[in-house]
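Asker:
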Ligand code: MLC
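Numbering (the working numbering), first residue to last: 169 to 640.
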């Protein structure tokens, strides 16, 4: 098997020990050479081993964009333990559901009263505790590297199991297809609790020996300043970020980049064209999902076609519709996940004979590039984050005064799709609903707008006709 991700890191750090490997931009910029990262990650891995964390153990990790948190995440992977990233801004309910499901040995997270009482907590980073001698970087392909939670349709989160072989295959595909080299410097302001920011941007770029600069939040002005100041060559974005850069008339800052990639949500054609008109940069759009990692991409050297996600990456098989037709996309790839943690039925619904059911409806354009034209699953993508309507509807049904409710995604220039709740109920109190939702779910899942409606549209069988609600 090709090198695992941690083997790639240590190889890259050893090859260029004194070069800057990582820079974390928060209040200040904190910089780490390859040598420093190799040392610090080994040290934290040894501390974790001393505390009883062993290869194969699950470690919940609060994905702060800080040096301590990032170094700790790398250490967990080097130790061969399974990294389970969670968002810093999760609600207590969301956090508890993950903890209950994954049952970790330790959580590298801020302790919240009552949440995860059974779990041992420690803050990320060096504690100057004792260390245990332990072998590092010896995970094998079949071993799990990550369990990454998605909300799923029921609100009960599903942990997608991603193996070392999955990420090793992804690393080869991305590094070769996008030509990532140690000469590259990547800037990312993506959150680190998802595949895009954590695996594709941070971890695979480190594996290629590229310098990685991460920013702890996205601000169009600060971000475009960093492109120049940090001599950045590549960046990965979601369309909402490009939209903000455009709104602030800062697109020209993208001109010097060797490569700018967009993903996690569809990139509108007019935004693609605006970026090119103002910067000369033809954005490389690609397609992926947590369960498959990235499988389709526009080419680095060939034609990048606006409104398409491109062609199968090397080693990926796609089950595609015939010319002129639309059908659900199925994907087979060495990057397809190992199933949902402890959820064989949910796994069987999407994975059969190595083929992953994407839930996305696609067609081919005139040149055989894949165009995502719809979804067979109920999903809203807001600013690159996935929101499942039924999770939010279930919680809203618990709000006094709501007799019936439907949550839909409404087209939005700012977010791609915005979460909107249609509510039936004479006594509905919007302020109360907002208060309760702020308590229960992450900010991006909360309805941005509540619209009162006399009755929800249903067909003769009582099934909700969501498409009738998706208007502006
Ligand atoms: C933030 N807010 C959102 C939101 N992001 N609301 C809806 N949808 C979103 N995506 C909330 C904030 O919490 C805040 O709430 C309010 O909106 C305004 O915040 P802001 O400051 O304007 O937004 P910001 O925090 O700058 O976030 C915008 C963003 C962020 C684009 C940087 O959404 C983001 O990081 N998106 C990336 C998502 C991503 O990485 N997805 C990868 C999934 S992996 P309040 O209440 O405080 O006012 C995957 C596989 C693949 O899908 O193929 O990549």
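Backbone N, C-alpha and C define an ideal beta-carbon position, used for all residues, glycine too.
Tell me which residues share the same chain as residue 238 and place their Cβ nearer than 8 Å to its Cβ, disregarding the 5 neighbours each side in the sequence.
Answerer: Taken in chain order, the residues that qualify are 190, 192, 360, 370 and 382.
Asker: If the criterion is Cβ atoms closer than 8 Å, does the pair residue 336 and residue 462 meet it?
Answerer: Contact: no.
Asker: Within 8 Å, do at least three Cβ pairs link the stretch 596-607 to the stretch 418-436?
Answerer: No, they do not touch.
Asker: Looking only at its own chain, which residues have a Cβ that is under 6 Å from the Cβ of residue 218, when we skip the five neighbours before and after it?
Answerer: 298, 299 and 300, listed in sequence order.
Asker: What does DSSP give as the partner residues of residue 580 in its beta bridges?
Answerer: In DSSP, residue 580 forms a bridge with 584.
Asker: Ligand 1 and residue 200: does any heavy atom of the ligand fall closer than 7 Å to the residue's C-beta?
Answerer: Checking the Cβ of residue 200 against ligand 1 gives no.
Asker: May I ask whether a heavy atom of ligand 1 can be found less than 7 Å away from the beta carbon of residue 409?
Answerer: Within the cutoff, so yes.
Asker: Does the stretch 378-392 touch the stretch 348-360, meaning 3 or more C-beta pairs lie closer than 8 Å?
Answerer: Enough Cβ pairs lie closer than 8 Å, so yes.
Asker: In chain order, what residues of the same chain lie with their CB nearer than 8 Å to the CB of residue 595, ignoring the 5 residues before and after it?
Answerer: Excluding residues within five positions, the ones whose Cβ falls inside 8 Å are 568 and 569.
Asker: Run the CB neighbour count on residue 364, radius 10 Å, all protein chains shown included, and call it buried at 16 or more, exposed below.
Answerer: Looking at its Cβ environment, which holds 16 or more other Cβ atoms inside 10 Å, residue 364 is buried.
Asker: Taking residue 464 as the reference, give the member of 493, 500 and 437 with the closest Cα.
Answerer: For residue 464, the nearest C-alpha among the options comes from 500.
Asker: Can you tell me whether residue 251 sits near ligand 3, meaning its C-beta is under 7 Å from at least one heavy atom of the ligand?
Answerer: Ligands displayed in this structure: ligand 1; ligand 3 is not among them.
Asker: Should residue 614 and residue 576 be called a contact, given that it needs their Cβ atoms to be closer than 8 Å?
Answerer: Against a cut-off of 8 Å, the Cβ pair of residue 576 and residue 614 comes out as no contact.
Asker: Count the other CB atoms within 10 Å of the CB of residue 503; is the residue buried (16 or more) or exposed (fewer)?
Answerer: Residue 503 is buried by the Cβ-count criterion.
Asker: Span of the beta strand (DSSP E) holding residue 532?
Answerer: Element bounds for residue 532: 523-532.
Asker: Check each candidate in 460, 455 and 518 and name the one with the smallest Cα separation from residue 479.
Answerer: If we check each option's Cα against that of residue 479, 455 comes out closest.
Asker: Mark residue 646 as exposed unless 16 or more other C-beta atoms lie within 10 angstroms of its C-beta, in which case mark it buried.
Answerer: Nothing about residue 646 can be reported from this structure: the residues present for the chain run from 169 to 640 only.
Asker: Inspect the beta-carbon positions of residue 430 and residue 405 and report whether they are closer than 8 Å.
Answerer: Yes; because the gap between Cβ atoms is below 8 Å, this pair is in contact.
Asker: Locate the beta strand (DSSP E) running through residue 465, then write down its first and last residues.
Answerer: Here the beta strand (DSSP E) through residue 465 covers 461-465.
Asker: Might you give, ordered along the chain, the residues of its own chain that have their beta carbon closer than 8 Å to the beta carbon of residue 468, omitting 5 neighbours on each side?
Answerer: The residues are 345, 346, 347, 427 and 452.
Asker: Distance check for residue 221 and residue 412, CA to CA, integer angstroms please.
Answerer: Each residue's Cα considered, the two are about 42 Å apart.
Asker: Rounded to whole angstroms, what's the CA-CA distance from residue 565 to residue 375? Just pull it up for me.
Answerer: Roughly 46 Å between the two C-alpha positions.
Asker: Tell me residue 554's beta-bridge partners as DSSP assigns them.
Answerer: DSSP, once it has assigned bridges, lists 549 as partnering residue 554.
Asker: Should residue 328 go down as buried or exposed, given a rule of 16 or more other Cβ atoms within 10 Å for buried?
Answerer: By the 10 Å Cβ count, residue 328 comes out buried.
Asker: Report buried or exposed for residue 275, applying the criterion of at least 16 other Cβ atoms within 10 angstroms of its Cβ.
Answerer: Per the 10 Å Cβ criterion, buried.
Asker: Comparing C-alpha positions only, which one of 584, 609 and 593 sits nearest to residue 620?
Answerer: The residue with the shortest Cα to Cα distance from residue 620 is 593.
Asker: Let me check you understand the geometry: is the CB of residue 391 closer than 7 Å to at least one non-hydrogen atom of ligand 1?
Answerer: For ligand 1, not one heavy atom lies less than 7 Å from the Cβ of residue 391.
Asker: What I want to know is whether the C-beta of residue 317 ends up closer than 7 Å to one or more non-hydrogen atoms of ligand 1.
Answerer: False, no ligand heavy atom lies under 7 Å from that Cβ.
Asker: State yes or no: is the C-beta of residue 226 within less than 8 Å of the C-beta of residue 270?
Answerer: Cβ distance < 8 Å, so residue 226 and residue 270 count as in contact.
Asker: Once DSSP output is grouped into helix, strand and coil, what is the label at residue 177?
Answerer: Residue 177 falls in the helix class under three-state DSSP.
Asker: What are the boundary residues of the beta strand (DSSP E) that includes residue 190?
Answerer: Where residue 190 is concerned, the enclosing beta strand (DSSP E) stretches over 188-193.
Asker: Chain D beta carbons: is any one of them nearer than 8 Å to that of residue 242?
Answerer: The question asks about chain D, but that chain is absent: this structure has only one protein chain.
Asker: Can you give me the Cβ contacts of residue 610 inside the same chain, cut-off strictly under 7 Å, excluding the 5 residues immediately before and after it?
Answerer: Closer than 7 Å at Cβ, skipping near neighbours: 255, 257, 258, 259 and 262.
Asker: Report the residue from 202, 572 and 612 whose alpha carbon sits nearest the alpha carbon of residue 587.
Answerer: Among 202, 572 and 612, the Cα nearest to that of residue 587 belongs to 612.
Asker: Between the C-alpha atoms of residue 312 and residue 332, what's the straight-line distance to the nearest angstrom?
Answerer: Rounded to whole angstroms, residue 312 to residue 332 spans 6 Å at the Cα level.
Asker: Output the distance between the C-alpha atoms of residue 235 and residue 291, rounded to the nearest integer angstrom.
Answerer: Roughly 12 Å between the two C-alpha positions.
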